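See structure below.
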Amino acid sequence: MNLLLNFLLLSLFGLIKTDLLSKCRLQNPSPYGTGIGFPRVKNRVNSVGILNVSVLFVDFNDNPANRTTQDIFSIISPTSEAFFFKSSYGRLQVKLRPYFKWLRMSKRSIDYNMSPSISYTAQKAYISEASSLAKGWDFSTSQLIVVMTNPYVYAVPYGPTFNANLGGGFTVNGKVFENAVSSGKDLLYWKGYWLNHEMSHAMGLPDLYEYASGSQFKFTGGWSIMGNINGLGREYFGWERWLLGWIQDSQIICGTFTIHSYLRVTLTAIEIPNGLKLIVVPIAENKAVVIESRKKYGFDDKITKPGLLVYLVDSSSRGGTGPIKVLPLNLNDNNKMNATMSVGSEFNYENIKIFYQSSSSTTDDVIVFKH
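Residue numbers (this note's numbering): 7 to 377.
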């Protein structure tokens, strides 16, 4: 009888917690492309477990490569694999499988229409041709194909992600791929973290920088690799990690408390495993205020002001339009390294008051009021 009662109580607690989290798990309004809401787009690649990636290398008659494929591969490896493993707390193991041979494309570099911008159709044809040139290569265990272009080709300036809708992929050796990445000349600027940014699109994460204006990083500054790849705070936001399955539901505090009430939480730094990671306070159907702790660990070791970071998540906004915005909102600040709160300070947003109570080397104590 006691065992049955305990089972029923645990089941009820689980249902209550799941129901509470559902109010904070903002919905993704679109089943296509990328998005910051739940669930992840279905035909994106795995974000947990082992992810096998075929890496190919291409050049052109008018721009033959003058570096070895191994040399080019060293730009992305082992940097990219290490970043994913550390950022996911070991939940994602990326295995890059390089085909160390320069594959000569059939046309001149300028004839692939990869500049000044790259269309869906042009990139699909480009990656499809490159894949067809890898005679004898086994793609059967790969979920993703990365085509490394000779990085000294001006006709291929950028390296974006190919995200197909269901049924819109390309076929290689009888296998359909709906996710792929191709590099460009900007690889020499972004280095290995470029691949982490692009592969995160293949997992479903959107761009956090703005497409439309000259103030490219006005939404998130140097926070998250999905904004500024070379930002000082390039570790993923906690919300992104939750969406990817790297942070568990048990590490989320969903602030659905009533008016004139409060909660006190000790948050553990987002850069290290374990502990409570996020306070999420929903303020609308598709919007929530999120609080997390950022410290000088891991790939955030160069941030200038550790502390509580507060941001707004809007799951109705697509990539390039500000699905995440660091608070307080200051669109004239493209850095935002001083946006973290100071111990003893308060921040108000709508009817939410956040008080930064105290700090240690790995944790931050915060009190959140609703008024």
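Ideal placement from N, C-alpha and C gives every residue a C-beta, glycine not left out. For clarity, every value in this text was computed on a predicted model and none was experimentally measured.
| task | Determine the burial state of ALA290: buried for a count of at least 16 other Cβ atoms within 10 Å of its Cβ, exposed for fewer. | result | With a threshold of 16 other beta carbon atoms within 10 Å, ALA290 falls short and is exposed.
| Whether LYS311 touches ASN344 by CB criterion (7 Å) | yes
| query | Where does ASP370 fall in DSSP's three states? | reply | In the three-state DSSP reduction, ASP370 falls in the strand class (E or B).
| message | For SER60 and THR368, I'd like the C-alpha separation in whole angstroms. | response | Their Cα atoms are separated by approximately 37 Å.
| field | is_contact[ASN52, chain B] using C-beta, thresh 7 Å | value | In the displayed structure, chain B is absent; only one protein chain is listed.
| request: Tell me whether LEU16 sits in a helix, a strand or coil according to DSSP, three-state version. | output: For LEU16, the pLDDT reaches just 35, beneath the cut-off of 50, and the residue's location in the model is therefore unreliable, leaving the point undetermined.
| query | Apart from the five residues just before and just after PHE263, which ones in its own chain have a Cβ nearer than 7 Å to its Cβ? | reply | LEU269, LYS376
| message | Which complete beta strand (DSSP E) runs does the region 133 to 167 hold, if anything under 3 residues is left out? | response | Secondary structure within the region 133 to 167: the beta strand (DSSP E) runs of 3 or more consecutive residues, fully enclosed, are 150 to 155 (chain order).
| query | What three-state label does DSSP hand TRP196 in the structure shown? | reply | helix
| said: Only counting the same chain, and skipping five residues up and downstream in sequence, which positions put a Cβ closer than 8 Å to that of ASN292? | reply: LEU32, GLN33, PRO35, GLY43, ASP320, SER321, SER322
| said: At the level of alpha carbons, what is the spacing between ASN67 and HIS203? | reply: 30 Å
| said: Assuming the contact rule is C-beta atoms closer than 8 Å, ILE133 and TYR164 should be a hit. Round their C-beta distance to whole Å, please. | reply: At roughly 14 Å, the Cβ-Cβ gap does not stay under 8 Å, so ILE133 and TYR164 are not in contact.
| Residues bridged to GLY239 by DSSP? | TRP229
| SER115, DSSP secondary structure in three states | Correct three-state label for SER115: helix.
| message | Using 7 Å as the threshold, is the C-beta distance between LYS224 and ASN340 below it? | response | Their beta carbons are under 7 Å apart, which means LYS224 touches ASN340 by this criterion.
| field | Same chain, Cβ closer than 7 Å to LEU193, neighbours up to 5 away in sequence not counted | value | ILE81, PRO157, GLY165, TRP200
| query | Got a sec? Which residues, its chain only, sit under 6 Å from PRO288 by beta carbon, not counting five neighbours each side? | reply | LYS29, CYS30, ALA294
| field | Spatially closest choice to GLY281 from GLY244, GLY325, ILE265, LEU315, by CA coordinates | value | GLY244
| request: Put GLU291 into one of helix, strand or coil per three-state DSSP. | output: Here GLU291 sits in coil by DSSP.
| message | Looking only at its chain, what residues have a beta carbon closer than 7 Å to the beta carbon of SER299, apart from the 5 residues adjacent to it on each side? | response | LEU273, THR274, ALA275, ILE276, LEU314, THR369, ASP370
| query | Cα separation between PHE361 and ASN69? | reply | 58 Å
| task | Out of LEU250, VAL187, PRO45, point me to the one whose CA is closest to ALA128's CA. | result | VAL187
| Looking at the structure shown, is PHE223 part of a helix, part of a strand, or coil, going by DSSP? | coil
| said: So, with DSSP's three-state summary, where would you put ILE56? | reply: strand
| said: Please tell me whether LEU208 and THR155 are closer than 7 Å, where the distance is taken between their beta carbons. | reply: The sequence given here places Ala at residue 208; Leu does not occur at that position. Their beta carbons are not under 7 Å apart, which means ALA208 does not touch THR155 by this criterion.
| What is the C-beta distance between GLY228 and LEU214, in whole angstroms, given that I count them as a contact (C-beta under 8 Å)? | The Cβ separation is near 11 Å, so there is no contact.
| Outcome for THR226 when other beta-carbon atoms lying within 10 angstroms are tallied against a minimum of 16 | Burial call: buried.
| request: Could you tell me which residues DSSP puts in a beta bridge with PRO104? | output: VAL61
| request: Please state whether DSSP places LEU214 in a helix, a strand or coil. | output: Looking at LEU214 - three-state DSSP - the assignment turns out to be coil, as it is neither helix nor strand.
| field | Reference PHE305; option with closest CA among LYS48, GLU241, LYS113 | value | Selection LYS48, GLU241, LYS113 evaluated against PHE305 yields GLU241 as nearest (Cα-Cα).
| task | Could you work out which residue in SER115, LEU57, PHE183, ASN354 is closest to ILE297 when comparing CA atoms only? | result | ASN354
| Euclidean distance between Cα positions of ILE56 and THR147 | Approximately 10 Å between the Cα atoms of the pair.
| query | From this set, ILE258, LYS191, LEU238, which residue's C-alpha is nearest PRO122's C-alpha? | reply | LYS191
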